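J.: Taken in order, these protein sequences are the chains called A and B. 1 is the number of the first residue of the first sequence in the UniProt record's numbering; add one for each residue after it. 1 is the number of the first residue of the second sequence in the UniProt record's numbering; add one for each residue after it. Beta carbons: idealized from backbone N, C-alpha and C, even for Gly. Here the structure is a predicted model, which means the values were calculated and not measured. Got a structure here, written out as structure tokens. Questions coming.
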Amino acid sequence: MSAAPSSASPAWAVELVGIDKRFGPVHANRDVTLRFAPSSIHGLVGENGAGKSTLMSILYGFYEADAGEILVRGKQVDIRTPQDAIRLGIGMVHQHFMLVETFTVLENLLLGHEGGPVLGPAMARARTEVQALEQQFGLEVPLDALVCDLPVGVQQRVEILKALYRGADVLILDEPTAVLSPPEVEQLFRILERLRQQGRTVLLITHKLKEIMAITDRVSVLRRGQVVAEFVTAETDRQALADAMVGRKTSLSVDKAPAKPGPVLLAAQNLNVVDARGVTTLKDACLTVRAGEIVGIAGVAGNGQSELLEVLSGMCRFVSGTVTLKGEDIGPATQYDAADARRRGVAHVPEDRLKLAVIKDFPAHESAILGYHQDKSLSKGWRLDWKRTIAKTVSLMEQFDVRPPNPNLRTALFSGGNQQKLVMAREMEREPDILLVGQPTRGVDIGAIAFIHRQLVSLRDRGKAILLVSAELDEILALSDRILVMCDGEIVGELSAAEATEGRIGTMMAGIKDSPTAEGVSA
Amino acid sequence: MSAGGSDNLPWWVTGLLLPAINVGLALAVSALVILAIGEDPLGALGSMLRGALGTGEGIGYTLYYATSLIFTALAVAIAFHGGLFNIGGEGQAYIGGLGVGLVLLSLPGWPWWAALPLSVLGGAAFGALWAAIPGWLQAYRGSHIVITTIMFNFIASSLMVYLMVNVLIKPGQMSPESEAFSASLFLPMMADMMAGIGIEMAASPLNFSLFLALLACVAVWAFIWHTRWGFALRATGANENAALYAGIDPKRVIVVTMALSGALAGLLGVNELHGVQHRLMLNFPAGLGFTGIAVALMGRNHPAGIIPAALLFGALYQGGTELVFDYPTISRELVVVIQGVVILFAGALEHMFRPALVRLFSRRPVAASKPAGA
Ligand SMILES: Nc1ncnc2c1ncn2[C@@H]1O[C@H](COP(=O)(O)OP(=O)(O)OP(=O)(O)O)[C@@H](O)[C@H]1O
Ligand SMILES: [Mg+2]
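Below, the structure written as structure tokens:
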């Protein structure tokens, strides 16, 4: 591994030496030593729960390490709070943005740096400074727009700008691409490259090895809290990284036999959804999903996919059209809610896990019955039988390898990937006839991705209908037997698995209707 | 049995040490106030303690106040778990009492044990209705529950004045009180009940309602943490979107939660009217609805915490009465100040010392190596 620098000149922007951290019985970081060079992008990979976020939280002052030291530009420092970290030039962009939604971008940037009771002059000063930064790093952001009106990609840029405005030399990005569309990822990477050119250090956590290969200079692999390997990116490949992460040979692809589609289990005819502001978010959607097939929905995020999942799962209402569940027609007058949907055998893995699928403050076993708490098998008379829910959760955790397998741990304390595995386990456990699934592998490590993909394929092979929404084209291509493309609230085309290529889907996602076989949408 | 989010502090720190620090500090500040008006703080504290706990009668009064506080604090707690801040307990208790009174006025000559279920039902139903309206307004009309419950306190008070002065007043008398309930309806006094089983106890307003309050604690605990409805209520309180995803109708849960909350507050009327006053009158909630908020806060919205917190505040009420008696220079208002200081430290400033304790205890390897449960 890397040799220690000659002590005089700070050859390293940041050094973590012998960092150790326990959370009760969980040993999240074990004697981690990592050094990050200036003018570089350093990747950090590892399975879910390997301790990546914990390590970065220690560097950013959210947690204090039990042992070990941190050196910034060669000097040992004591980082107890994020303020300390900011003062030392360390900035962090969280996966869940920390912005005030009802403030403008400029107000958000100024927050905490008002420099006095009167805002006017500070605002003016900030505006010129921020504009200079925007130029320097090619980071374009509308300074006077309200944050809540901006797409996620832009909100993320605001976060980056905020860190830079506070003087960050070292920028930590924890799974920044999980919420971005492919063009937004490209834009982010251009910004990161600019940062590298300007002498800054970027620490990038991601589960997408493609991204690691595309942009990092070096990459460190964490496994069960320990650094198990470090590579110069140019000298390694995805397979080697994957093997190091998991600790054995892994397979990155899914094997699946051709689909044997059965009867139509789920169909929608001219479905229209209008949101609270009166905007039509889903326009005349028609689709069918048969038993034994996976239908993938491709599209840039925010083009009606979320609404499609929500309306089919009973979470929101449609204004016109028909949904057919297992042969039964349901119109706008006889709508079903999420509880009815579950009773009819529709399970739903929503796109936004923390917002919908779990309750952060509940222990895992309570999150593990969310949506199924009415289930008779979980009750004893009037009482919810916690013994049974705990036992059930333990078995779910075992089947889906959720770590740590502790049903009493607060849901928020599981790493993102493990929360997702818990949700997948919960929704797949009851053998639903119809599974609606959004972003099944967002924030999930590659080993678990392969596992979840295999589960989805085997559910399909057991004759269930699966509707899959994913922002990852790779995922859509790997799993789907048919692919529908959505743009601007409409389904603009359909491709069979054989016809689908990234290029063709890409043009259709942009709203150009060029599919020769786009007629096959009727049942 | 998780009692609110904790930062992995051992239970005795959040459950015992923190409240002890808060109460200690509140007493210290009160002592300064008493010193400032030239009285002896230790003597005053002694007088309060003696008043609240020193005599059988004092203990009886303390428990009697605690009974009412348990009802109103449970009301706040159940709403809290549903994500609602119900500060209308005072009004709900007032209207609940109206329900109790109307039931009892219409049952002359019934034995108390037969009337009790009906008076409980009356109090609960009236309180529930009074709380469900703001709940409905919040769920379906978007008006904020804090604002509407405050307004409903005022409406309750005006309504009661109107009813007592114009409708329910006993004919031919000046003070706005109804006719007395018939004597057979009176809830047994604790002193009499104890005498019945051979235990000597000083006379006090403490009555059968105390058992009802304890029963309510168990019922609320079981409901919130051990039933499907409690699960739906907590899910809605923690994350409305997730509740919707789970097939729970958050709007309905909001209305039902408020109704349950109001029902609990309404039971104050059973203690005050069915138990003690034996007639309908004005102002019987006497601020206990508001104090219930502080009790719930201090008791961490858990029945096991609410019982000791209600005892503490009951003791403050009763001790304060004694204090005024013993020290003519200390006025009734000063007692209110002392209660206010305790509420401030124990309730509103509850989180002041928490970060320091978190730091203190999370550094200790012993505490950190305990499994991070509950
Ligand atoms: N505050 C906490 N209390 C208890 N355990 C925790 C806490 N934070 C993290 N953990 C545990 O520490 C381990 C490391 O978690 P961490 O979030 O660092 O993983 P990660 O590598 O970022 O995973 P992912 O890729 O899923 O985000 C996990 O087992 C997690 O459950
Ligand atoms: Mg993480």
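#1: Answer with yes or no whether the minimum CB distance from Leu373 of chain A to chain B is below 8 Å.
#2: Going straight from the alpha carbon of Ala304 of chain B to that of Leu297 of chain B, what length do you get?
#3: Compare the C-alpha of Glu175 of chain A against each of A:Lys380, A:Val154, A:Ala163, A:Ile212 and name the closest.
#4: Which partner residues of Met92 of chain A appear in the DSSP bridge assignment?
#5: By how many angstroms is the C-alpha of Glu200 of chain B removed from the C-alpha of Ala191 of chain B?
#6: Figure out for me which residue from B:Leu74, B:Ala238, B:Met281 has the closest Cα to the Cα of Leu102 of chain B.
#7: When the Cα of Asp488 of chain A is compared with those of A:Leu356, A:Ala498, A:Thr281, A:Leu459, which residue comes out closest?
#8: In chain order, what residues of the same chain have a beta carbon less than 6 Å from the beta carbon of Asp445 of chain A, not counting five sequence neighbours either side?
#9: Any residues whose CB sits closer than 7 Å to a heavy atom of ligand 2? List them in chain order?
#10: Val358 of chain A to Ser251 of chain A, Cα distance in whole Å?
#11: Just how far apart, CA to CA, sit Thr517 of chain A and Ile483 of chain A?
#12: Any Cβ of chain A within less than 8 Å of the Cβ of Pro10 of chain B?
#13: Nearest CA to the CA of Ile466 of chain A: which residue from A:Ser306, A:Gly327, A:Arg290?
#14: Could you please give the first and the last residue of the uninterrupted beta strand (DSSP E) stretch that includes Met160 of chain B?
#15: How long is the line joining the alpha carbons of Ala364 of chain A and Leu233 of chain B, rounded to whole angstroms?
#16: Taking 8 Å as the cut-off, decide whether the C-beta atoms of Phe152 of chain B and Gly88 of chain B are in contact.
#17: Out of A:Val346, A:His113, A:Arg426, which has the shortest C-alpha to C-alpha gap to residue 543 of chain A?
#18: Hey, is Gly24 of chain A close to ligand 1, as in C-beta under 7 Å from one of its heavy atoms?
#19: Taking DSSP's pairing of strands, which residues face residue 577 of chain A in a bridge?
#20: Any heavy atom of ligand 1 closer than 7 Å to the CB of Leu180 of chain A?
#21: Name, going along the chain, the residues of the region 315-348 of chain A whose beta-carbon falls closer than 8 Å to a beta-carbon of chain B.
#22: Curious, which full-length alpha helix (DSSP H) runs of at least 4 residues does the region 173-202 of chain A contain?
#23: Do you know how far the Cα of Arg359 of chain B is from the Cα of Val14 of chain A?
#24: Once DSSP output is grouped into helix, strand and coil, what is the label at Ser306 of chain A?
#25: Kindly identify the DSSP beta-bridge partner or partners of residue 544 of chain A.
#26: At a cut-off of 7 Å, would you count Ala28 of chain A as near ligand 1, judging by its Cβ distance to the nearest heavy atom?
#27: Can you find a C-beta in chain B that's less than 8 Å from the C-beta of Val358 of chain A?
#28: Is any beta-carbon of chain B found at less than 8 Å from that of Arg383 of chain A?
#29: Quick one: is the Cβ of Pro82 of chain A within less than 7 Å of any heavy atom of ligand 1?
#30: So, is the C-beta of Pro440 of chain A closer than 8 Å to a C-beta in chain B?
#31: Going by Cα to Cα distance, which pick from A:Ile215, A:His42, A:Arg200 is closest to Gln187 of chain A?
#32: Relative to the C-alpha of Ala286 of chain B, which residue among B:Gly299, B:Asn271, B:Arg300 is closest?
#33: Starting from Arg228 of chain B, find everything on chain A with Cβ-Cβ shorter than 7 Å and list it in chain order.
#34: Could you list which residues in chain B have their beta carbon closer than 8 Å to that of Pro350 of chain A, in chain order?
#35: Taking only three categories from DSSP, how would you classify Ala28 of chain A?
#36: Give the residues of chain B in contact with Leu396 of chain A, contact being defined as C-beta atoms less than 8 Å apart.
T.: Quick look at the numbers:
#1: Note that residue 373 of chain A is His in the sequence shown here, rather than Leu. By this cut-off, His373 of chain A is an interface position.
#2: If I take the Cα positions, the gap works out to 12 Å.
#3: Proximity to Glu175 of chain A across A:Lys380, A:Val154, A:Ala163, A:Ile212 peaks at A:Ile212, based on C-alpha coordinates.
#4: Bridge partners of Met92 of chain A according to DSSP: A:Ile172.
#5: For Ala191 of chain B and Glu200 of chain B, the distance between alpha carbons rounds to 7 Å.
#6: The shortest C-alpha separation from Leu102 of chain B is found at B:Met281.
#7: Ranking the options by Cα distance to Asp488 of chain A, first place goes to A:Thr281.
#8: Same-chain partners within the cutoff: Glu47, Asn48, His207, Gly417.
#9: Having a Cβ closer than 7 Å to some heavy atom of ligand 2 are A:Lys52, A:Ser53, A:Asp174, A:Glu175, A:Ile205, A:Ser415, A:Gly416.
#10: About 30 Å.
#11: Because the pLDDT of Thr517 of chain A is 46, which lies under 50, any placement of that residue in the model is unreliable, and the number read from its coordinates should be weighed accordingly. Note on geometry: alpha-carbon atoms of Thr517 of chain A and Ile483 of chain A lie some 11 Å from one another.
#12: No, no contact with chain A.
#13: The residue with the shortest Cα to Cα distance from Ile466 of chain A is A:Arg290.
#14: Note, Met160 of chain B: premise wrong, no beta strand (DSSP E); alpha helix (DSSP H) at 145-162.
#15: C-alpha separation (whole angstroms): 17 Å.
#16: Yes. Within cutoff.
#17: Residue 543 of chain A is absent from the structure shown; chain A starts at 1 and stops at 523.
#18: In this structure, ligand 1 has a non-hydrogen atom nearer than 7 Å to the beta-carbon of Gly24 of chain A.
#19: Beyond the ends of chain A as shown, which are 1 and 523, falls residue 577 of chain A; an answer cannot be given.
#20: Leu180 of chain A Cβ: outside cutoff for every heavy atom of ligand 1.
#21: Sequence-ordered contacts of the region 315-348 of chain A with chain B read Met315, Asp337, Ala338, Ala339, Asp340, Ala341, Arg342, His348 [C-beta pairs closer than 8 Å].
#22: Qualifying alpha helix (DSSP H) stretches, in chain order: 182-197.
#23: Looking at the two C-alpha atoms, the distance is approximately 26 Å.
#24: In the three-state reduction of the DSSP assignment, Ser306 of chain A falls in the helix class, which pools H, G and I.
#25: The question about residue 544 of chain A has no answer here: the residues shown for chain A are numbered 1 through 523.
#26: Yes, the Cβ of Ala28 of chain A comes within 7 Å of a heavy atom of ligand 1.
#27: With 8 Å as the cut-off, Val358 of chain A counts as an interface residue toward chain B.
#28: Interface with chain B (8 Å Cβ-Cβ cutoff): Arg383 of chain A is included.
#29: In this structure, Pro82 of chain A has its beta carbon at no less than 7 Å from each heavy atom of ligand 1.
#30: Residue contact check for Pro440 of chain A against chain B: no CB pair falls below 8 Å.
#31: Of A:Ile215, A:His42, A:Arg200, the residue nearest in Cα terms is A:Ile215.
#32: Here the closest residue by C-alpha is B:Asn271.
#33: The contacting residues are His373, Gln374, Ser379, Leu384.
#34: Chain B residues near Pro350 of chain A: Tyr245.
#35: It is a strand residue.
#36: The premise fails here: Leu396 of chain A is roughly 16 Å from chain B at the closest Cβ pair, so nothing lies under 8 Å.
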